[in-house]
Amino acid sequence: MKNFQPQNEKVEAIRVLLCGPVGAGRSSFINSVNSVLRGRMTHEALASPTCGSCFTKTYQTYKIKKEGRGNFYPFVFNDIMGLEDGDGQGVRTDDIKLALKGHVKDGYEFKSSASISAGDSDYNADPSLRDRVHVLVYMISADMPQMKSSVLKKMTEIREAARDLGIYQLAILTHIDEACGEIEKNIRNVYKSKHLKKKMTDFSSSLGIPMNCIFPVKNYSKEIQLDPDVDALILSALRLMIDFGGNYATNNQHFVPAMGGGSPGLLETPWRDISSTNKHELLQSMNNFQPQNEKVTAVRVLLYGPVGAGKSSFINSVNNILQGRMTNEALASNLTSDQSFTKKYKTYKIKKEGRGNFYPFVFNDIMGLEEQGGVRTDDIKLALKGRVNEGYKFNPASSLSDDDLGYNSSPSISDRVHVLVCVYSANASQMRSSVLQKMREIREAASELDIPQLAILTHIDAACGETQRDLKNIYRSKYLKKKMTDFSSSLGIPMNCILPVKNYSHETQLNPDIDTLILSALRLMIDFGDDYADKL
């Protein structure tokens, strides 16, 4: 900590924003960090020992003094009003979203009834990078009963806003000594406590924060002397905060790790060997491909998955690579939404060299799966059989019937789906049970038709810091391997049929590492689909 300096010279200090329910110990954590770094007990941030209502009322930046007159550590903490149960209680989520962007000035007094607006004197209309939040930290009390649904909803809303901004996120579990008697007796039992492990696991599942980005700490409260074991826990959490925030400030890009998916560790060797994979050979393979079955004009690939997984973006990315330039054939939304951007059943062909020539494979994009809406599974089952006509507009309220204009009563071999591909975001929180059930139902229907299936894991850069820094780390990332393993277990797709990819999103030029991952997935899709079509 004493040697740390931000790599970005435009950033004087890494800004850490602490948020969480009332009484979680945000102010006490700031005091504890200050105490550890000063080598004595301090009380810089006012903290209340009770948690009935929020003690923090204003937006305040806390600097920590370093040795020497006027010197401070190059990181600061921002404490905010706590989240409370119910509307009109505690800090408003809109205020936190504005704070993330640097729009809230120091000293702004929070109001539960109204958010800060552009006309307020405390509104920063032109924030610099140094004003923005570089890492978001959730503070949760291990001694707290089950979190209220309204508070969890607010935290999820904040999490999604931070994710959209590419801000790193992690969590601190406080009051661990009060929550567990074994830890109170000996704090070194922190990672032996079953109760605490369950508490961390439950919180990870509810908010979608990886376990390796949740840190248990004990804040200083009644102590009058420092304890090296308490200090070690606090400093471990602090180091990751500063590392994450430093990376964000250095990169200053839209797509940096979210939800602390930065996976601090890498495997020594890749768990999947792709050293022999060559972009030129993969491109040549696609250029030379022709279906084995002469009755099939093009291998049909159907993409399905939850809303926002990146189905349309994957089609665009394939098109980019095969065209050798950036394209935007399939409309894709770059906004996080609970509702699908794709509304119609559409076939996407990819142009090949020569007027009127196309590659002999096509993609079908469909409306996304949603918890209570989205595409109906019956429509996907009909699409598998080739029963859905081009341009059919999906209706979440009712499925396609045989008397509709969008119904194909006599599908050909070419109309049928030859390979089914599940698209899932590596950056998504735990999948809702209702969405998972729909995906299983679709998978079973495809299995009954003997249609081959595989999956692609998207947003790998947004989910994992090591992969964002270097895409070649993809098969060394512990976080991504676990994500793929969990997805394989939940849906039953073998690991060798799950391919991680990064879609083109904010890039303006092609990248050979991105291309190789996408082409590897594409070749497997086409091979699977062609083998199936050849049997028809």
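Heads up: take any position in the sequence shown, counting from 1, add 53, and you land on our numbering.
Cβ atoms here follow ideal geometry from the backbone N, Cα and C, with glycine treated the same way.
C-beta contact flag for residue i and residue j at 9 Å
i: ALA232; j: TYR191; result: no
i: ILE374; j: ILE571; result: yes
i: VAL352; j: PHE414; result: yes
i: VAL476; j: TYR357; result: yes
i: ARG183; j: VAL64; result: yes
i: ILE83; j: PHE125; result: no
i: LYS534; j: LEU320; result: yes
i: VAL354; j: ASN410; result: no
i: VAL204; j: PRO323; result: no
i: THR146; j: ILE193; result: no
i: ASN341; j: ASP587; result: no
i: HIS187; j: GLY298; result: yes
i: ALA479; j: THR511; result: yes
i: SER168; j: LEU151; result: yes
i: TYR112; j: ASP179; result: no
i: LYS348; j: LEU589; result: yes
i: GLY582; j: VAL441; result: no
i: VAL243; j: ILE229; result: yes
i: LEU489; j: TYR460; result: no
i: ILE403; j: ASN448; result: no
i: LEU279; j: VAL89; result: yes
i: ASN300; j: GLY518; result: yes
i: PHE128; j: MET294; result: yes
i: ILE117; j: ARG79; result: no
i: SER166; j: GLY141; result: yes
i: LYS364; j: ILE419; result: yes
Cβ-Cβ separation, residue j to residue i (assumed contact under 8 Å), whole Å
i: LEU453; j: PRO359; result: The Cβ separation is near 21 Å, so there is no contact.
i: LYS271; j: ILE220; result: With 8 Å as the limit, LYS271 and ILE220 do not qualify as a contact, their Cβ atoms being about 26 Å apart.
i: ILE211; j: ILE149; result: 5 Å
i: PHE268; j: ALA290; result: 4 Å
i: SER85; j: ILE287; result: 5 Å
i: THR350; j: SER467; result: 5 Å
i: LEU249; j: ALA195; result: 6 Å
i: SER500; j: SER274; result: In fact, because the Cβ distance is near 57 Å, the residues do not count as touching under 8 Å.
i: ILE504; j: TYR585; result: 6 Å
Residue range of the beta strand (DSSP E) that includes residue i
i: PHE581; result: Premise fails: PHE581 lies in the alpha helix (DSSP H), 565 to 588, not in any beta strand (DSSP E).
i: VAL476; result: 472 to 478
i: GLN19; result: This structure leaves residue 19 out entirely; the chain is present only between 54 and 589.
i: ASP468; result: Run containing ASP468: none; DSSP gives neither H nor E here.
i: LYS399; result: 399 to 401
i: THR227; result: 221 to 227
i: ARG68; result: 67 to 72
Close-in-space but distant-in-sequence residues of the same chain around residue i (CB under 7 Å, 5 per side omitted)
i: VAL144; result: ILE133, MET134, GLY135, LEU136 and PHE163
i: SER207; result: The question names Ser, but residue 207 in the sequence shown is Lys. LEU136 and THR146.
i: SER170; result: TYR176
i: THR330; result: THR569 and SER573
i: ILE509; result: PHE367, VAL474, VAL476, LEU552, VAL554 and ALA574
i: ASP138; result: LYS201, SER203 and VAL204
i: TYR161; result: THR111, TYR112, ILE169 and ASP175
i: LYS405; result: PHE411 and TYR412
i: GLN306; result: At GLN306, the pLDDT of 39 sits below 50, so the modelled position is not reliable and the matter cannot be decided from this model.
Limits of the alpha helix (DSSP H) - the one that residue i falls within
i: SER500; result: 486 to 501
i: ALA436; result: 430 to 437
i: ILE149; result: 146 to 153
i: LEU205; result: 202 to 217
Contact set for residue i: own chain, Cβ-Cβ below 8 Å, skip 5 residues either direction
i: THR389; result: Low local confidence applies: a pLDDT of 39 at THR389 is under 50, so the model's placement there is unreliable, with the coordinate-based value given in what follows. Correct list, in chain order: GLU213, ARG216, ASP217 and GLY361.
i: ARG292; result: MET54
i: PRO565; result: LYS332
i: LEU502; result: LEU437 and LYS438
i: SER543; result: MET484 and LEU489
i: SER541; result: PRO547, MET548 and ILE551
i: GLY444; result: LYS397, TYR398, LYS399 and GLY459
i: MET94; result: SER88, TYR273, GLU276, ILE277, GLN278 and LEU279
i: MET339; result: LEU375, TYR412, LEU572, LEU575, ARG576 and ILE579
i: SER451; result: ARG429
i: ARG378; result: LEU563
Close beta carbons around residue i, own chain, < 6 Å, minus the five adjacent residues each side
i: SER370; result: ASN556, TYR557 and ILE571
i: LYS119; result: PHE125 and TYR126
i: SER486; result: none
i: LYS536; result: ALA479
i: SER482; result: GLY261
i: ARG325; result: TYR528
### Task
Entirely within the segment 233 to 302 and at least 3 residues each: give me those beta strand (DSSP E) ranges in chain order.
Fully enclosed beta strand (DSSP E) runs of 3 or longer: 267 to 269.
### Message
Give the list of continuous alpha helix (DSSP H) stretches no shorter than 4 residues that lie fully inside the segment 342 to 379.
### Response
Within the segment 342 to 379, the complete alpha helix (DSSP H) runs of at least 4 residues are 364 to 376.
### Query
Of all the beta strand (DSSP E) runs that stay within the bounds of the segment 74 to 140, which reach a length of 3 or more residues?
Segments of the beta strand (DSSP E) lying fully in the segment 74 to 140: 113 to 118 and 125 to 132.
### Task
Counting only runs of 3+ residues fully inside the segment 536 to 568, write out the beta strand (DSSP E) ranges in chain order.
At a cut-off of 3 residues, the continuous stretches assigned as beta strand (DSSP E) that sit fully inside the segment 536 to 568 are 551 to 553.
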